[in-house]
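The sequence shown begins at 947 in our numbering and counts up by one. Just so it is clear, CB atoms sit at the ideal spot from N, CA and C, and this is done for glycine as well. The structure appears below as structure tokens.
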Amino acid sequence: MAGKTKLMLTGLWCLAVLAGCGGGDVTSPPNAVDTAPPAVPVDIQGEIIEAQVIVHWAPNTTDADLVGYMVYRANGTRVATMCPAPIDQTWYVDENPMVGENVYRVSAVDANDNQSAMATVTVTVDDSPTQGYDLASLDY
């Protein structure tokens, strides 16, 4: 292939084309779609209080378009979504935890339905009675 030059481009390139219909009318480029997931929840903890499991984590302060958090629970091979839609608080009360090892996973969700990787905490529930605590006094 003598006389031909190959151009190899590396990196991220963006091409914008502005089209007009005469008279100075110009169409705008489409808005970029956010596909970046929010930050993973941090400082996730779980504790048993009054036979309930309280899972809590630090608030996400880095993503302006954060909608909330999804909470999941796995017990053995069974995985359950604990809330049908993202919740806006940074805690979740599982009123009916399974006896045994409960693995809670929390992800952050943004306005474009991008979901972060999951933060995980494991809480083991036995069938013995627990001491009473006032749930209203907890500040999460």
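Backbone CA spacing between Asn-1060 and Gly-1046 [nearest angstrom]: 32 angstroms
Same chain, Cβ closer than 8 angstroms to Glu-993, neighbours up to 5 away in sequence not counted: Val-999, Ile-1000 and Val-1069
Coarse secondary structure for Met-1044, derived from DSSP in three states: coil
Between the CA atoms of Val-1039 and Gly-1078 - distance to the nearest angstrom: Note that Gly-1078 has pLDDT 47, beneath the 50 cutoff, so the model's placement of it is unreliable and no number is given.
Backbone CA spacing between Asn-1048 and Ser-974 [nearest angstrom]: 51 angstroms
The stretch 1051-1067 / the stretch 1009-1024 touching (three or more Cβ pairs under 8 angstroms): yes
Cβ pair Ala-1057, Asp-980 closer than 9 angstroms: yes
Per-residue DSSP class, three states only, for Met-1064: coil
Which of helix, strand or coil DSSP assigns to Ile-1033: strand
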